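J.: Sharing a structure with you now.
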Amino acid sequence: MKEKTIDYVLRTTWLSVQKMYNEEASKFDATMAVAFTLLSIDPIDGTPSTALGPKMGMEATSLSRILKSMEARGLIERKSNPNDGRSVLIHLTEFGREKRDFSKEKVLTFNETIKKNICEEKLNSFYEVAELINSMVTNKKIYNQNNAK
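Residue numbers (full-length UniProt numbering): 1 to 149.
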């Protein structure tokens, strides 16, 4: 193949970004998955455990493993939901809030650096194309699911 496919460009770009974030996170004994989870938890009210997986686009089993390790490290704590006794809220501990702030700083630095090096028009095109691809995939417009064998 002489021309790179769209999925190849998406995958290799994401792997590079993921590697960069993991390298930064490893300096503080963390991973990108932990940092992403920290950023997905409401720092004030907590987040229902059942809402966290869909919010992050992550399977329950993978998320459960991450939450267990985060709880063991003192980053989060589970509390009963006062509005629904059947559900659990995931709350950040003070240590978790510190690590969340660090993670947020890294994400903002990445975004600002990209914005300084790529013109607004190109970034807007990037967002538009990414949204269209995501919509096509999410709405099963790539492969007709009725004809799947």
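Think of the CB as a built atom: it goes at the ideal place given N, C-alpha and C, for glycine as much as any other residue. None of the values given here were measured: they were computed from a predicted structure.
Which residue or residues does DSSP assign as beta-bridge partners of E77?
T.: Looking at the DSSP assignment, E77 forms a beta bridge with H91.
J.: In the DSSP assignment, find the unbroken alpha helix (DSSP H) run with Y127 in it and report its ends.
T.: It spans 120-138 - the alpha helix (DSSP H) in which Y127 sits, taken as one unbroken run.
J.: Is G85 helix, strand or coil when you go by DSSP?
T.: Of the three classes helix, strand and coil, the one that applies to G85 here is strand, per DSSP.
J.: Could you check if R11 is buried or exposed, using at least 16 other CB atoms within 10 Å of its CB as the buried criterion?
T.: Classification for R11: exposed.
J.: Closer than 8 angstroms is the cut-off here; do at least three beta carbon pairs connect the segment 54-61 with the segment 74-86?
T.: Not touching, per the Cβ criterion.
J.: For R73, tell me which candidate among K140, T31, S125 has the shortest Cα-Cα distance.
T.: When each option's Cα is compared against that of R73, the closest is T31.
J.: Tell me whether T47 sits in a helix, a strand or coil according to DSSP, three-state version.
T.: Looking at T47 - three-state DSSP - the assignment turns out to be strand.
J.: Mapping the DSSP letters down to three states, classify S36 as helix, strand or coil.
T.: At residue 36 the sequence reads Phe, which differs from the Ser that was named. DSSP places F36 in helix when its eight states are reduced to three.
J.: Would you mind giving the Cβ-Cβ distance between A33 and I66, rounded to the nearest angstrom? I have them listed as a contact below 8 angstroms.
T.: The pair is a contact, with the Cβ atoms about 6 angstroms apart (cut-off 8 angstroms).
J.: If I follow the unbroken alpha helix (DSSP H) through E23, where does it start and stop?
T.: Residues 6-26.
J.: Once you ignore the five residues that flank D45 on each side, which residues in its own chain have a CB closer than 8 angstroms to its CB?
T.: Cβ neighbours of D45 beyond the five flanking positions: L89.
J.: Hey, P43 and R97 are a contact pair by Cβ (cut 8 angstroms); roughly how many whole angstroms apart?
T.: Indeed they touch by this definition, with Cβ atoms about 6 angstroms apart.
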